[in-house]
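*Asks:*
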Amino acid sequence: MKVVIAGGGVAGLCTAYYLRRRDVDVTVLESRTVGSRAAASHGNGGWITPAQAGPLPEPGLTVYGLRALLRADSALYFRPSYLPRLVPWLARFWTYCNARDHERGWAAIARLGERVFALVDEMAADGVDFELYKTGMICATADAHEAQRVLDGLEPMRAFGFRLPDRLLTGEELHAFEPALSERVRAGFHVEQQWHVRANTFTEGLARRVRELGAEIVEEAEVHGFERGEGRVRAVRTAKGEFAGDAFLLAAGSWTAPLLRGLGVRIPMQPGKGYTFLLEPAVMPRHGILFADIHAGASPLADRLRISGTMEFSGYNLELDRRRIDNVFRLASEYLRLEQPSYENAWAGLRPMVVDGLPILDRAGPWQNAYVATGYSMLGMTLSQPAGEAMAEMIVTGRRPDLFEPFRIDRFPRFVVRRPGR
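Numbers given in our numbering equal positions in the sequence shown, counted from 1, plus 83.
So this is what it looks like as structure tokens:
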């Protein structure tokens, strides 16, 4: 069996890894180079956080979003010039902002991600070389009520075996537990079950191991089209030539949607831009930190602290909007003590955002031998390993795993109708 994978980021490489573990012939096509700065797998926060893996649409979010339309410094921002193209997606997104869909989304993602720590450890034991930090996460806020709200929101994860604290840390107790926090931080809590990686090392290390296992990775091979016939994809046309196969997987992050349009398949997904940068703190945090009230995260690395945040809908562009980066820096610097009052290595990446906040893991519409793995939103490092393992099983056996049932490609209603919810 020959499988061709379009996408050399974390989603495509994880599936390639598990296919090679089954001794399947694999070719991975990457439009740029593996680990390039343009890839969403390059500079993200690298969080592996199944206990905090709820879908983006949630009750009340639409009101916040409408306010954000007018504020370029908001954590959630819609560029006005892009709104006409975004309106159909926003209308569908709005229908999922209810309690029932949010709870179902929590459950589906929790089941998918519950084995991720074991799979990451297995990869490391198998020779995948990357920077891994098993420090847990501090949720830190300036207001105790906000910290309690976030902790209460994680309550559904207890049913899936995730360990959550029973109380908040405040005042001196919190600062003794995490000395890197400034005096502005008044309350928080610690989630033990959160790891993080230096994102580019995970992607690059996985690519090296996939090559060692015998897979071919072809870089600078942007997909231009498909050869099709009798309900099957026959080959992929790229800048590096044509690649035939028995099965095809589209796992190109935000760029999966335009690839699918080449097969006549449309999915309700938009690119959501996130920003990161590096800081030199006066005290390196002992844990990953979620600054819940400013919607930013901090990932301590060996030599620097990576700050990540914002969700910007402005289309397929990787432009660095300095206003938004400067705003995240200003907010983060109020919560941390810095060695230098500046940031470096600013970066932007596109997250694949599906209207209901859940991945799409299925066959590619009517095509018998084409598959899709996309829509991980901000959870690529959390979900790609278990999803890649199950996708490899689906491709080899031809049977959809029960685990993938909530992530079907045909789950979206044809018309935009407000969904029932509590």
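Even glycine gets a Cβ: it sits at the ideal position worked out from N, Cα and C.
Name, in chain order, the residues that DSSP records as bridge partners for residue 273.
*Replies:* Start at 1 with the first residue of the sequence shown, and residue 273 comes out as number 190. Note: residue 273 sits in a beta bridge opposite 221.
*Asks:* Give the range of the alpha helix (DSSP H) segment to which residue 469 is assigned.
*Replies:* The count along the sequence shown starts at 1 and reaches residue 469 at position 386. Start and end: 463 to 480.
*Asks:* CA-CA distance, residue 496 and residue 176?
*Replies:* Numbered from its first residue, the sequence shown carries residue 496 at position 413. Numbered from its first residue, the sequence shown carries residue 176 at position 93. Cα to Cα, the separation comes out at about 12 Å.
*Asks:* When DSSP labels each residue in this structure, what does residue 227 get in the three-state scheme?
*Replies:* The sequence position of residue 227 within the sequence shown is 144, counting from 1. Residue 227 falls in the helix class under three-state DSSP.
*Asks:* Are residue 89 and residue 142 touching if we call contact CB-CB under 9 Å?
*Replies:* Residue 89 sits at position 6 when you count from the first residue of the sequence shown. Residue 142 sits at position 59 when you count from the first residue of the sequence shown. It is not a contact, given that the beta carbons lie outside the stated cut-off.
*Asks:* Which residue spans inside the segment 379 to 438 form an unbroken beta strand (DSSP E) run of at least 3?
*Replies:* For the segment 379 to 438, whole beta strand (DSSP E) runs of length 3 or above, ordered along the chain, are 379 to 383, 388 to 396 and 427 to 437.
*Asks:* Fully enclosed by the segment 242 to 317, which alpha helix (DSSP H) runs are 4 residues long or longer?
*Replies:* You should have 254 to 260 and 282 to 295.
*Asks:* Measure the Cβ-Cβ separation of residue 371 and residue 379 and say whether it is below 9 Å.
*Replies:* Numbered from its first residue, the sequence shown carries residue 371 at position 288. Numbered from its first residue, the sequence shown carries residue 379 at position 296. Cβ atoms of residue 371 and residue 379: not closer than 9 Å.
*Asks:* Candidates 252, 396 and 246: which alpha carbon is nearest residue 170's?
*Replies:* The residue given as residue 170 occupies position 87 in the sequence shown. Nearest C-alpha to residue 170: 396.
*Asks:* How should residue 324 be labelled, buried or exposed, when 16 other C-beta atoms within 10 angstroms of its C-beta is the threshold for buried?
*Replies:* For the purposes of this step, residue 324 is identified with residue 241 of the sequence shown, where counting begins at 1. The residue is exposed, with fewer than 16 neighbouring Cβ atoms inside 10 Å.
*Asks:* Kindly indicate which residue of 223, 245 and 290 has the alpha-carbon position closest to the one of residue 210.
*Replies:* Against the sequence shown, residue 210 aligns to sequence position 127. Considering only alpha carbons, the answer is 290.
*Asks:* Quick check: what's the CA-CA separation for residue 285 versus residue 200?
*Replies:* As a working mapping, residue 285 is identified with position 202 in the sequence shown. As a working mapping, residue 200 is identified with position 117 in the sequence shown. Rounded to whole angstroms, residue 285 to residue 200 spans 14 Å at the Cα level.
*Asks:* State yes or no: is the C-beta of residue 403 within less than 9 Å of the C-beta of residue 358?
*Replies:* Taking the first residue of the sequence shown as position 1, residue 403 is located at position 320. Taking the first residue of the sequence shown as position 1, residue 358 is located at position 275. For residue 403 and residue 358, yes; Cβs fall inside 9 Å.
*Asks:* Starting from the N-terminal side, write out each stretch of the alpha helix (DSSP H) that is 4 residues or longer and does not extend beyond the segment 92 to 149.
*Replies:* Segments of the alpha helix (DSSP H) lying fully in the segment 92 to 149: 93 to 104.
*Asks:* On a CA-only basis, which of 131, 115 and 330 is nearest residue 215? Give me that one, please.
*Replies:* Taking the sequence shown and counting its residues from 1, one reaches residue 215 at position 132. If we check each option's Cα against that of residue 215, 131 comes out closest.
*Asks:* Please list the terminal residues of the continuous alpha helix (DSSP H) segment that includes residue 199.
*Replies:* In the sequence shown, counting from the first residue as 1, residue 199 sits at position 116. Counting along the chain, the alpha helix (DSSP H) containing residue 199 begins and ends at 199 to 208.
*Asks:* Does DSSP put residue 233 in a helix, in a strand, or in coil?
*Replies:* Here the question's residue 233 lines up with position 150 in the sequence shown. DSSP places residue 233 in helix when its eight states are reduced to three.
*Asks:* Around the Cβ of residue 101, are there at least 16 other Cβ atoms within 10 angstroms (buried) or fewer (exposed)?
*Replies:* Start at 1 with the first residue of the sequence shown, and residue 101 comes out as number 18. Classification of residue 101: buried, given that the 10 Å Cβ count is 16 or more.
*Asks:* Going by DSSP, which residues form a beta bridge with residue 353?
*Replies:* Locating residue 353 in the sequence shown gives position 270, counting from the first residue. According to DSSP, which records beta bridges pairwise, residue 353 is partnered with 436.
*Asks:* Out of 317, 383, 414 and 367, point me to the one whose CA is closest to residue 450's CA.
*Replies:* Working through the sequence shown from its first residue, we reach residue 450 at position 367. Residue 450 has its Cα closest to that of 317, out of 317, 383, 414 and 367.
*Asks:* With respect to the beta strand (DSSP E) encompassing residue 372, which residues constitute its N-terminal and C-terminal limits?
*Replies:* Position 289 of the sequence shown, counted from the first residue, corresponds to residue 372. Looking at the DSSP string, the run of the beta strand (DSSP E) that includes residue 372 is 371 to 374.
*Asks:* Looking only at C-alpha atoms, which of 301, 278 and 339 sits nearest to residue 322?
*Replies:* Working through the sequence shown from its first residue, we reach residue 322 at position 239. Considering only alpha carbons, the answer is 301.
*Asks:* Mark residue 178 as exposed unless 16 or more other C-beta atoms lie within 10 angstroms of its C-beta, in which case mark it buried.
*Replies:* Start at 1 with the first residue of the sequence shown, and residue 178 comes out as number 95. That one is buried.
*Asks:* Which of helix, strand or coil does DSSP assign to residue 159?
*Replies:* Position 76 of the sequence shown, counted from the first residue, corresponds to residue 159. Here residue 159 sits in strand by DSSP.
*Asks:* Any idea what DSSP makes of residue 327, helix, strand or coil?
*Replies:* Position 244 of the sequence shown, counted from the start, is the residue given in the question as residue 327. In this structure, residue 327 counts as strand in the three-state DSSP scheme.
*Asks:* What's the gap between the Cα of residue 265 and the Cα of residue 299?
*Replies:* By one-based count along the sequence shown, residue 265 stands at place 182. By one-based count along the sequence shown, residue 299 stands at place 216. Cα-Cα distance, rounded: 48 Å.
*Asks:* Would you mind working out which of 267, 236, 294 and 219 sits nearest residue 275, comparing C-alpha positions?
*Replies:* The residue labelled residue 275 in the question sits at position 192 within the sequence shown. Looking at the Cα atoms, 219 is the closest of the given residues.
*Asks:* Rounded to whole angstroms, what's the CA-CA distance from residue 360 to residue 84? Just pull it up for me.
*Replies:* In the sequence shown, the residue the question calls residue 360 occupies position 277. In the sequence shown, the residue the question calls residue 84 occupies position 1. Taking the straight line from one Cα to the other gives about 42 Å.
*Asks:* Is the beta carbon of residue 269 sitting closer than 9 Å to the one on residue 227?
*Replies:* Within the sequence shown, residue 269 is the residue found at index 186, counting from 1. Within the sequence shown, residue 227 is the residue found at index 144, counting from 1. Contact: yes.
*Asks:* Would you identify the three-state DSSP class for residue 346, choosing helix, strand or coil?
*Replies:* If you number the sequence shown from 1, residue 346 lands on position 263. Residue 346 falls in the coil class under three-state DSSP.
*Asks:* Classify residue 212 as helix, strand or coil using the three-state DSSP reduction.
*Replies:* Within the sequence shown, numbered from 1, the residue matching residue 212 stands at position 129. Three-state DSSP puts residue 212 in coil, outside helix and strand.
*Asks:* Which two residues bound the contiguous beta strand (DSSP E) that contains residue 499?
*Replies:* Taking the first residue of the sequence shown as position 1, residue 499 is located at position 416. Run containing residue 499: none; DSSP gives neither H nor E here.
*Asks:* Going along the chain, which residues of its own chain have a beta-carbon closer than 8 Å to the beta-carbon of residue 330, five neighbours each way excluded?
*Replies:* Mapped onto the sequence shown, residue 330 falls at position 247. Closer than 8 Å at Cβ, skipping near neighbours: 84, 85, 86, 87, 452, 453, 454 and 478.
*Asks:* Who pairs with residue 455 in a beta bridge, going by DSSP?
*Replies:* Locating residue 455 in the sequence shown gives position 372, where the first residue counts as 1. Answer by DSSP bridge pairing, in chain order: 333 and 445.
*Asks:* Of the residues 487, 475 and 491, which one's Cα is nearest the Cα of residue 104?
*Replies:* Numbered from 1 along the sequence shown, position 21 holds the residue referred to as residue 104. Closest option to residue 104, Cα to Cα, is 475.
*Asks:* Over the uninterrupted beta strand (DSSP E) stretch that includes residue 170, give me the two end residues.
*Replies:* As a first step, residue 170 must be located in the sequence shown, where it is residue number 87. Taken as a continuous stretch (DSSP letters only), residue 170 belongs to no beta strand (DSSP E), being part of the alpha helix (DSSP H) at 166 to 178.
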